[in-house]
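Undergrad:
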Amino acid sequence: MTLSGALSRFDSIDHVAGYWLAVSPVFTLTHVEVLAAAGIWGDEQQRWVGTDELFEPADGTGSGRVLRAEVRAELMQRFVDPLAVDARTRAIHHDLALRLADDGGDSEIISALFHARRSEAWPVLVDLWGRHGLGLIARADAVAFDAYSRLPLSVLEAYPFLTMASVIFDRAVHEADGPARRAVIEAASARAAGLLSSDLSEWSANAALNVIVGAMISERTRGRTDRAAQIAERVEVEIAERGRSAAGVDAPIAAWSHLQCGLTYLLVSRIDRARLSTAAAHRAARLAGIDGEHIVVNAASQLALIEAVGGSPAEAERWMADAAGRRCHPWFDLPVRAPALVALALLDAERMTTSPSSVSIDDLAGAELEIWPFVQLALARRRIRRGAPIVALSELDAAVARQAMGEQAAVPPLALAVARSEALVALGRHVQALQTIVRAAARAGVDAASHTLLSLPYARAQVYRGGTTRDAAAAILTQPEGFPLVDQVEAQILTMRTALAAGDHAEAERVGREVDLVIVRNRLWWLSANVPLAIGASERDPESLRAVAAAVPYPQPASPDTLSKRERVVLARLVESASIEEIARALVVSPNTVKSQLRSIYRKLGVNSRDGALAEMQRRGLGHG
Numbered sequence: 001m002t003l004s005g006a007l008s009r010f011d012s013i014d015h016v017a018g019y020w021l022a023v024s025p026v027f028t029l030t031h032v033e034v035l036a037a038a039g040i041w042g043d044e045q046q047r048w049v050g051t052d053e054l055f056e057p058a059d060g061t062g063s064g065r066v067l068r069a070e071v072r073a074e075l076m077q078r079f080v081d082p083l084a085v086d087a088r089t090r091a092i093h094h095d096l097a098l099r100l101a102d103d104g105g106d107s108e109i110i111s112a113l114f115h116a117r118r119s120e121a122w123p124v125l126v127d128l129w130g131r132h133g134l135g136l137i138a139r140a141d142a143v144a145f146d147a148y149s150r151l152p153l154s155v156l157e158a159y160p161f162l163t164m165a166s167v168i169f170d171r172a173v174h175e176a177d178g179p180a181r182r183a184v185i186e187a188a189s190a191r192a193a194g195l196l197s198s199d200l201s202e203w204s205a206n207a208a209l210n211v212i213v214g215a216m217i218s219e220r221t222r223g224r225t226d227r228a229a230q231i232a233e234r235v236e237v238e239i240a241e242r243g244r245s246a247a248g249v250d251a252p253i254a255a256w257s258h259l260q261c262g263l264t265y266l267l268v269s270r271i272d273r274a275r276l277s278t279a280a281a282h283r284a285a286r287l288a289g290i291d292g293e294h295i296v297v298n299a300a301s302q303l304a305l306i307e308a309v310g311g312s313p314a315e316a317e318r319w320m321a322d323a324a325g326r327r328c329h330p331w332f333d334l335p336v337r338a339p340a341l342v343a344l345a346l347l348d349a350e351r352m353t354t355s356p357s358s359v360s361i362d363d364l365a366g367a368e369l370e371i372w373p374f375v376q377l378a379l380a381r382r383r384i385r386r387g388a389p390i391v392a393l394s395e396l397d398a399a400v401a402r403q404a405m406g407e408q409a410a411v412p413p414l415a416l417a418v419a420r421s422e423a424l425v426a427l428g429r430h431v432q433a434l435q436t437i438v439r440a441a442a443r444a445g446v447d448a449a450s451h452t453l454l455s456l457p458y459a460r461a462q463v464y465r466g467g468t469t470r471d472a473a474a475a476i477l478t479q480p481e482g483f484p485l486v487d488q489v490e491a492q493i494l495t496m497r498t499a500l501a502a503g504d505h506a507e508a509e510r511v512g513r514e515v516d517l518v519i520v521r522n523r524l525w526w527l528s529a530n531v532p533l534a535i536g537a538s539e540r541d542p543e544s545l546r547a548v549a550a551a552v553p554y555p556q557p558a559s560p561d562t563l564s565k566r567e568r569v570v571l572a573r574l575v576e577s578a579s580i581e582e583i584a585r586a587l588v589v590s591p592n593t594v595k596s597q598l599r600s601i602y603r604k605l606g607v608n609s610r611d612g613a614l615a616e617m618q619r620r621g622l623g624h625g
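Residues in the sequence shown are numbered consecutively from 1, following UniProt numbering.
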């Protein structure tokens with residue numbers, strides 16, 4: 001049927017029926033029922049909703065149908081007068097908002113937002129914001145921005161919880177860039193901090209958590225990370241207590257709250273707490289459906305950064321692959337994936353490699369992200385590993401100065417001390433390096449020799465100053481299971497250095513053999529080459545260790561059986577020198593999926609590049625099948 005033929009159906013309907021056809025963003029079964037009960041639609045109009053000439057299925061979940069764009073444009077001209085919304089029309093909008101808000105599908109939530117704003121059903125907007133949070137962007141996008149933009153001051157005074165949404169969903173933010181969005185988050189969190197003194201006991205669990213978490217973010221953005229960490233502990237207690245009530249915390253809000261606690265703990269170098277909270281966010285977000293998509297990506301990405309900072313590269317790579325293999329709304333893409341990009345940069349700096357990525361660590365330097373401190377640390381570590389420690393040190397000093405003036409977020413003090421110590425050791429200023437670690441430990445109230453982050457740089461500075469490894473690295477050497485494997489290996493390399501300096505070549509050789517076996521068993525070729533290069537402790541290199549590997553049995557990290565069928569297909573395409581885009585087209589998947597599979601393959605083969613994978617494939621005979 002032609003467009004004119006389809007539109008001719010509307011010639012016989014009255015203005016009220018035409019209005020509802022034109023304005024409703026999505027039609028659901030609830031619309032049909034309400035409009036029929038109000039006597040606005042008859043059987044014929046109900047049948048129209050099912051016709052493909054006029055309507056098409058709505059995106060996402062739910063029972064929705066939407067008018068075709070060209071039909072809507074015509075009906076808007078014919079039937080919609082924005083100044084002619086009477087009391088009866090507003091009442092129908094209100095009835096639809098109330099009924100649709102609890103249905104849960106994408107179509108219903110989009111419609112509920114629209115009808116709530118048209119009827120000024122403010123409690124519905126409060127409920128939807130509290131229940132779905134930023135998940136509304138993934139569900140309703142433009143409709144959500146319209147619903148919460150330009151709310152009257154009287155409404156914000158009556159419903160203070162909406163003040164956060166009014167800032168975040170301001171229409172101007174929809175197309176905003178990173179810095180503008182950061183300013184929005186700061187403004188919204190400041191509003192939340194102002195509400196924290198209110199009596200939250202009468203608020204819903206979702207609303208109360210939004211406010212408390214917003215106040216925590218406000219403290220973080222002001223550089224008061226210790227205060228933010230105290231609020232984080234309150235948040236987790238609140239989740240536990242509210243979760244036991246009948247009207248508990250919805251999964252999207254619990255996930256978001258745990259995620260923000262994890263970031264807060266990371267910023268104060270409480271790695272174990274950061275890991276636990278962020279893992280809880282990942283679990284909760286996976287239960288939250290579309291509302292949690294961006295949180296699943298963000299949590300996996302944040303866990304990658306936590307593991308990279310904590311010195312567990314294999315775990316960091318696993319979480320990077322998890323994040324890369326998931327999708328979320330484009331509005332969230334850069335901020336939620338940025339932690340994994342920083343983790344990749346930290347690992348590259350450690351291994352002195354360069355991994356392909358669409359966004360580099362240099363691009364993130366000006367992105368005004370809350371993880372900026374770790375961007376700075378990754379840049380500093382790269383400078384150190386590439387032979388420019390004095391540049392790294394000057395940049396860290398400049399960052400601290402900007403931090404003191406309140407111009408940017410604080411660099412976590414313990415992580416900053418580690419980076420400064422590395423730069424000072426590389427410059428030969430070993431006493432200053434040791435003092436940096438000792439002072440940071442004293443300010444934090446921790447023991448430098450046994451703290452997970454500080455123990456290795458403390459040992460490194462002690463050994464270079466002329467001390468013994470026995471004194472400096474006792475915690476790592478006597479209880480190695482409590483420390484990352486890379487730290488254990490470097491502690492042993494420092495022991496070799498101490499033995500050589502004392503003329504005990506037999507001890508040095510014994511420790512050297514232990515180091516070789518650890519590196520061989522775990523395929524840490526990059527560590528054997530680059531840690532000695534960075535600290536000057538050993539002449540061993542990957543090739544000599546491969547000779548050791550040939551003579552010593554060790555578990556292979558991957559075989560044809562441990563690679564998935566799809567990964568073996570990708571391997572075959574690598575032999576043909578196909579690009580990522582070509583592989584994606586051949587397998588009918590996205591380029592990001594191929595990248596995720598390549599990372600998994602590299603990890604299983606114990607390599608860091610395509611060339612390395614090709615060489616390992618040839619050695620193992622994995623190039624076919």
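Glycine residues also receive a C-beta, built at the ideal position from the N, C-alpha and C atoms. Values in this document were obtained by computation on a predicted structure and should not be read as measured data.
Can you say whether A426 is buried or exposed, counting buried as having 16 or more other CB atoms within 10 angstroms of its CB?
TA: It is buried - the Cβ of A426 has at least 16 other Cβ atoms within 10 Å.
Undergrad: Compute the beta-carbon to beta-carbon distance between V569 and I580, rounded to the nearest angstrom, for a pair I have assumed lies under 8 Å.
TA: Not a contact, Cβ separation roughly 14 Å.
Undergrad: Three or more C-beta pairs under 8 Å: does that hold for the region 272-288 against the region 153-168?
TA: Segments in contact, no.
Undergrad: Rank A345, V391, A288 by C-alpha distance to the C-alpha of W256 and give the top, closest one.
TA: The shortest Cα separation from W256 among A345, V391, A288 belongs to A288.
Undergrad: Report buried or exposed for I519, applying the criterion of at least 16 other Cβ atoms within 10 angstroms of its Cβ.
TA: I519 is buried by the Cβ-count criterion.
Undergrad: May I have the straight-line CA-CA distance separating A87 from H294, to the nearest angstrom?
TA: Each residue's alpha carbon lies about 40 Å from the other.
Undergrad: Quick check on the DSSP output: the alpha helix (DSSP H) that includes E74 runs from which residue to which?
TA: It spans 69-79 - the alpha helix (DSSP H) in which E74 sits, taken as one unbroken run.
Undergrad: To the nearest angstrom, how far is the alpha carbon of V589 from that of P330?
TA: About 18 Å.
Undergrad: Is the separation between the beta-carbon of A205 and that of R242 shorter than 7 Å?
TA: Yes; because the gap between Cβ atoms is below 7 Å, this pair is in contact.
Undergrad: Out of W48, R386, D43, point me to the one whose CA is closest to S8's CA.
TA: When only C-alpha atoms are compared, the closest one is W48.
Undergrad: Determine the closest residue to L587 out of K565, I601, R599, S600, with distance taken between C-alpha atoms.
TA: Among K565, I601, R599, S600, the Cα nearest to that of L587 is on K565.
Undergrad: With which residues is E56 paired in a DSSP beta bridge?
TA: Answer is V66, bridged to E56.
Undergrad: Could you give the DSSP three-state label for F27: helix, strand or coil?
TA: In the structure shown, F27 sits in a strand (DSSP, three-state: E or B).
Undergrad: Buried or exposed: S218, going by 16 or more other Cβ atoms within 10 Å of its Cβ?
TA: Flag for S218 reads buried.
Undergrad: At the level of alpha carbons, what is the spacing between I212 and D333?
TA: So the two alpha carbons sit approximately 25 Å from each other.
Undergrad: Given a cut-off of 7 Å on the beta-carbon distance, is the pair A417 and A440 in contact?
TA: Closer than 7 Å, so yes.
Undergrad: If you draw a straight line from the C-alpha of A534 to the C-alpha of A345, how long is it?
TA: Residue placement at A534 is flagged as unreliable, the pLDDT there being 38, under the threshold of 50; the coordinate-derived value follows with that caveat. Their backbone Cα atoms lie some 17 Å apart in a straight line.
Undergrad: Tell me where the alpha helix (DSSP H) around C261 begins and ends.
TA: It spans 251-267 - the alpha helix (DSSP H) in which C261 sits, taken as one unbroken run.
Undergrad: Ends of the alpha helix (DSSP H) at T278?
TA: Residues 271-286.
Undergrad: Quick one: Cα of Q77 to Cα of A17, how far?
TA: Looking at the two C-alpha atoms, the distance is approximately 14 Å.
Undergrad: At which residues does the alpha helix (DSSP H) containing P313 begin and terminate?
TA: Where P313 is concerned, the enclosing alpha helix (DSSP H) stretches over 313-324.
Undergrad: Tell me which residue opens and which closes the alpha helix (DSSP H) that G130 is part of.
TA: G130 -> alpha helix (DSSP H) spans 122-132.
Undergrad: So what's H430 in DSSP terms, helix, strand or just coil?
TA: Here H430 sits in helix by DSSP.
Undergrad: If you count every other CB in all the chains shown that lies within 10 Å of the CB of A240, and 16 or more means buried, which is it?
TA: Exposed, by the Cβ-count rule.
Undergrad: In chain order, what residues of the same chain lie with their CB nearer than 8 Å to the CB of P123, ignoring the 5 residues before and after it?
TA: The residues are Y159.
Undergrad: Where do the N-terminal and C-terminal ends of the alpha helix (DSSP H) with E108 fall, by residue?
TA: From DSSP, the alpha helix (DSSP H) with E108 extends over 106-119.
Undergrad: Between R150 and chain C, is any beta-carbon pair separated by less than 7 Å?
TA: No chain C is part of this structure, which consists of one protein chain only.
Undergrad: For A348, count neighbouring C-beta atoms within 10 Å of its own C-beta (all shown protein chains included) and say buried if the count is 16 or more, exposed if not.
TA: In the sequence on display, residue 348 carries Asp and not Ala. Answer is buried; the Cβ neighbour count reaches 16.
Undergrad: May I have the straight-line CA-CA distance separating L96 from T28, to the nearest angstrom?
TA: In a straight line, the C-alpha of L96 is about 10 Å away from that of T28.
Undergrad: With G214 as the anchor, note down where its alpha helix (DSSP H) starts and where it stops.
TA: Here the alpha helix (DSSP H) through G214 covers 205-221.
Undergrad: Who are the Cβ neighbours of Y464 in its own chain at under 7 Å, not counting the five residues just before and after it?
TA: Once the five neighbours on either side are set aside, the close Cβ partners of Y464 are V425, H430.
Undergrad: Given this structure, state the Cα-to-Cα distance separating G214 from A232, to the nearest angstrom.
TA: One C-alpha to the other measures close to 11 Å.
Undergrad: State yes or no: is the C-beta of residue 630 within less than 7 Å of the C-beta of C261?
TA: Within the shown structure, residues of the chain are numbered from 1 to 625, placing residue 630 beyond reach of any answer.
Undergrad: If we call anything under 7 Å between Cβ atoms a contact, is S421 one with P373?
TA: No, these two residues do not count as a Cβ contact at 7 Å.
Undergrad: Along the chain, where does the alpha helix (DSSP H) that runs through E307 open and close?
TA: Per DSSP, E307 belongs to the alpha helix (DSSP H) from 293-309.
Undergrad: Let me know the secondary structure DSSP gives G248 once reduced to three states.
TA: Of the three classes helix, strand and coil, the one that applies to G248 here is coil, per DSSP.
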